[in-house]
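Structure record follows, encoded as structure tokens.
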Amino acid sequence: MESEKCCDILKIISLVEDYTTEQERDSIRRAFYFAKKAHEGQKRKSGDDYFIHPFEVARILAETKLDPSTIIAGFLHDVLEDTEVVADEIKKEFGQDVLNIVEGVTKISDINQKKKEDEDAENLIKLFLSAVEGDIRILLVKLADRLHNMRTLKYLPKEKRVKIAQETIDIFAPLAKRLGISRAERELEDLSFKYLHPTLYREIYLKIRDIIRTQSEFLNEVKKTLERELGKQHIKASIEGRIKNIYSIYNKMIKKQKEISEIYDIVALRVITKGDNREDCYRVLGIVHALWRPIPERFKDYIASPKPNLYRSLHTTVVGPHGNPLEIQIRTQGMHDVAEYGIAAHWLYKEGKDVKKVGLERVKQVTVLRRIFELLQEKKTPKEVLADIKEDILAEEVYVFTPKGDLISLPKGATPVDFAYRIHTDIGHTCVGAKVNKQMVPLSYKLRSGEIVEIITSKRSTPSKDWLKFVKSAHARNKIKAWFKKQSKEENVKIGREILEKEVKRYGLSVNNILNIANLKKACEAFSVNDVDTLLSMVKQGEISPTSLLEKIVPEDVEAFWREKRELGVKEWGKIVKVEDGRAIQVKGADDHNLLIKFAPCNPIPGDPIIGYITRGRGISIHRKDCPNILNLREEEKERLIEVKWASNFVQSYPVKLNIEAFDRVGLLSDVMSVFSDKGISATHVNTFIEDKIAYIEVTFTIENINRLRAIIKDIQKVDGIRKVFRAKSLHIDKLRREG
4 MESEKCCDIL
14 KIISLVEDYT
24 TEQERDSIRR
34 AFYFAKKAHE
44 GQKRKSGDDY
54 FIHPFEVARI
64 LAETKLDPST
74 IIAGFLHDVL
84 EDTEVVADEI
94 KKEFGQDVLN
104 IVEGVTKISD
114 INQKKKEDED
124 AENLIKLFLS
134 AVEGDIRILL
144 VKLADRLHNM
154 RTLKYLPKEK
164 RVKIAQETID
174 IFAPLAKRLG
184 ISRAERELED
194 LSFKYLHPTL
204 YREIYLKIRD
214 IIRTQSEFLN
224 EVKKTLEREL
234 GKQHIKASIE
244 GRIKNIYSIY
254 NKMIKKQKEI
264 SEIYDIVALR
274 VITKGDNRED
284 CYRVLGIVHA
294 LWRPIPERFK
304 DYIASPKPNL
314 YRSLHTTVVG
324 PHGNPLEIQI
334 RTQGMHDVAE
344 YGIAAHWLYK
354 EGKDVKKVGL
364 ERVKQVTVLR
374 RIFELLQEKK
384 TPKEVLADIK
394 EDILAEEVYV
404 FTPKGDLISL
414 PKGATPVDFA
424 YRIHTDIGHT
434 CVGAKVNKQM
444 VPLSYKLRSG
454 EIVEIITSKR
464 STPSKDWLKF
474 VKSAHARNKI
484 KAWFKKQSKE
494 ENVKIGREIL
504 EKEVKRYGLS
514 VNNILNIANL
524 KKACEAFSVN
534 DVDTLLSMVK
544 QGEISPTSLL
554 EKIVPEDVEA
564 FWREKRELGV
574 KEWGKIVKVE
584 DGRAIQVKGA
594 DDHNLLIKFA
604 PCNPIPGDPI
614 IGYITRGRGI
624 SIHRKDCPNI
634 LNLREEEKER
644 LIEVKWASNF
654 VQSYPVKLNI
664 EAFDRVGLLS
674 DVMSVFSDKG
684 ISATHVNTFI
694 EDKIAYIEVT
704 FTIENINRLR
714 AIIKDIQKVD
724 GIRKVFRAKS
734 LHIDKLRREG
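Sequential numbering of the sequence shown, starting at 4, is according to the working numbering.
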């Protein structure tokens, strides 16, 4: 058998020998030679043969005890992207299951080649989707791929090293932690920290080395004492040292504002009992506490209450020999495997079982994947979804309990409202109060690990917009915003229907006959709108005029109505009054060229539904019908409203002011103004300012009609980073009242 110094297939075969068949091991050997031949002649940045990389990825997966298909995919994960091998060859040689994993990893990598910020975000979103909708093994191969790349990061240019290290510590290390793969998490954290803060890394590393030297004798004394007592009780267990990783020590120094000499859990002991009897763990705990005094508030039982990533263990801190504090962790071998490898631990692979199905069953137990799936359902851009995942799931966590003892993980800084929405959306919506450890607390209270949280609800209660000021989790924030968006839509639907009903009555038609569901659906098709509620909302927003809607439903009746109006002519509508900016108005029942008319600050433009308001001594003020000042008039003020309309034959160019909100970035203003120049429109005034990384742009320009304006708004909304585009708001209602 051929072997090489770095890439000896026997190294991998020895790792899987105890849980695979000879046929499966033969497939792994064939994958080794297949990938080796495919990558022949290719070199890495280090100058080494490229094949070293897929070999090491496969070895990481084998060390994790993953199934043969995943290990084979580790060998082949780059062949579709970097060699002449095609998918059919992989399927023929290794089967559809392996091909699915390889294609999943390749599709993710394809996006990353574009090296753009949006596409990097899309790359990561696709990775998460592969875990929660497809095959979790794609994610595990990608984690192994990232781990080996981090081990060889020194060969890349500094700028690229820093970028990859930052992405790793922001995304991949927290992801490994949430999946319970602590071995990968620790190594990814330390490697990232090494390249992001090399001086600090070296300083902490040297101090840890000194601490280990000084404590080695103390640890040996504790270990021997404990082994002797376990032997007396006939408890079979292994005892090993555990050294806190460098990045965790750094974080603790920052949070606790302590020197490294003040952190006493840098070195700990871990007792791993043989077999899988949890009772042995509690027996060991009793022995430990009988030997050394436990420190109050330093005991954690993660066996009775496992962490959301399935981690189980007993943690206790005792005052050991010579008065030295020492942390001791106690777990079974099975618990230890899960603690080290998390979701990947012993993939439950058995001959004849559907590995993918079994793996997905394990996935369902992992809270983090369910939470990622929920966020992926939000209709947002990849960058927005990724930001939510980083903030809500991959950030530092606190662990709190329900009154029934269930453990709930939340982002650090989370409040009872975040907790309520994590339990259930309806509990969040109806939350009115909270108790923490049986004491009432404000809803803005910041929860701490270990607290018991109880939510008080009321069926008559609804969310408050004030909650958005203090909720921490993206999950809660999105649910609250969705609730208010729904309420706003329902209000718009109601007002839109009322506007239509008034229009129908103005035409002298029957509301019940005209606004039935069949006619409204007919209008939806005519305006290419998905549903009736959206149609009615667009009427309220002025995006569809009630007259044009009725023209789609009952064109004959509308034509007959206006034929009669044309015959009446000036008898009903007054003479045209030309006003500023080329806009011209006719007022119902008025026949005076010198009639004083002005436009309200809501700035109606030809095509907008409009209404007149008779002021005291200052003529008629023209408003959009959806102007808040009009909608909020008191009953006695509504008597001063008068019908007006546009004189279409006088329509010229008129001024419009747009307000634009966007995420600030280089080239933003240039991209926005390109929309205007592409349309042949010159801005008469542009004003900008930036606050909290949000850019606010105000543009004034002239335009001929409302349809052209809508087209411009639509194109601006397509510009990268745009949050909102809207016309300048109207004056406050009190201003309108002063007009009278």
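Note that CB positions come from ideal geometry on N, CA and C, so glycine has one too.
Rounded to whole angstroms, how far is the Cβ of residue i from the Cβ of residue j, which I believe are closer than 8 Å?
i: Val420; j: Gly436; result: About 11 Å; that fails the 8 Å criterion.
i: Lys601; j: Pro612; result: Contact flag wrong, Cβ pair sits at about 18 Å.
i: Lys210; j: Ile263; result: 5 Å
i: Gln345; j: Leu539; result: The question names Gln, but residue 345 in the sequence shown is Gly. Not really, about 50 Å apart at Cβ, beyond 8 Å.
i: Val535; j: Lys524; result: 7 Å
i: Val675; j: Ile700; result: 6 Å
i: Ala521; j: Lys555; result: Going by Cβ atoms, the distance from Ala521 to Lys555 rounds to 13 Å, so no, they are not a contact pair.
i: Ser308; j: Leu410; result: 5 Å
i: Arg315; j: Tyr305; result: 5 Å
i: Val456; j: Val439; result: 6 Å
i: Leu288; j: Thr335; result: Not quite, the Cβ-Cβ distance comes to about 13 Å (not below 8 Å), so this is no contact.
May I ask you to list the residues that DSSP assigns as paired with residue i?
i: Trp470; result: DSSP lists no partner for Trp470.
i: Gln99; result: Note: Gln99 sits in no beta bridge, so no partner.
i: Trp649; result: Ile588
i: Val270; result: Ile246
i: Leu413; result: Val401
i: Cys434; result: Thr460
i: Leu156; result: Its beta-bridge partners do not exist; DSSP assigns none.
i: Met338; result: DSSP, once it has assigned bridges, lists no residue as partnering Met338.
i: His318; result: Lys303 and Gln332
i: Arg296; result: Val322
i: Met443; result: Lys438
i: Leu644; result: Tyr616
i: Ile600; result: Ile623
i: Phe666; result: Ile697
For residue i, count neighbouring Cβ atoms within 10 angstroms of its own Cβ and tell me buried if that reaches 16, exposed if not.
i: Ile15; result: buried
i: Gln589; result: buried
i: Glu330; result: buried
i: Glu772; result: The question about residue 772 has no answer, for the chain in this structure spans 4 to 743.
i: Phe97; result: buried
i: Asn248; result: buried
i: Cys10; result: buried
i: Met443; result: exposed
i: Phe422; result: buried
i: Gln116; result: Per-residue confidence for Gln116 stands at a pLDDT of 42, beneath the threshold of 50, marking its modelled position as unreliable; the derived number appears in the next sentence. Its Cβ having fewer than 16 others within 10 Å, Gln116 is exposed.
i: Gln332; result: buried
i: Asn606; result: buried
i: Ile93; result: buried
i: Ala61; result: buried
i: Gly499; result: buried
i: His237; result: exposed
i: Phe78; result: buried
i: His325; result: exposed
i: Asn519; result: exposed
i: Phe692; result: exposed
i: His626; result: buried
i: Lys641; result: exposed
Could you give the DSSP three-state label for residue i: helix, strand or coil?
i: Thr687; result: strand
i: Lys145; result: helix
i: Gly278; result: coil
i: Val580; result: strand
i: Val88; result: coil
i: Ile16; result: helix
i: Leu661; result: strand
i: Gln26; result: helix
i: Tyr448; result: coil
i: Ile623; result: strand
i: Phe530; result: coil
i: Asp283; result: helix
i: Lys46; result: strand
i: Asp52; result: strand
Does any C-beta atom of chain C lie closer than 8 Å to the C-beta of residue i?
i: Asn223; result: Looking at the structure shown, chain C is missing, and only one protein chain is on hand.
Where are the beta strand (DSSP E) runs, 3 residues long or more, that stay fully inside the region 451-510, in chain order? If we require 3 residues or more, the beta strand (DSSP E) runs fully inside the region 451-510 come out as 456-460.
Starting from the N-terminal side, write out each stretch of the beta strand (DSSP E) that is 3 residues or longer and does not extend beyond the region 668-732. Unbroken beta strand (DSSP E) runs of no fewer than 3 residues, entirely contained in the region 668-732, are found at 686-694, 697-706 and 725-730, following chain order.
Contained alpha helix (DSSP H) runs [length at least 4] in the region 172-251, N- to C-terminal order: For the region 172-251, the full-length alpha helix (DSSP H) segments reaching 4 residues or more read 176-181, 185-199 and 201-235 along the chain.
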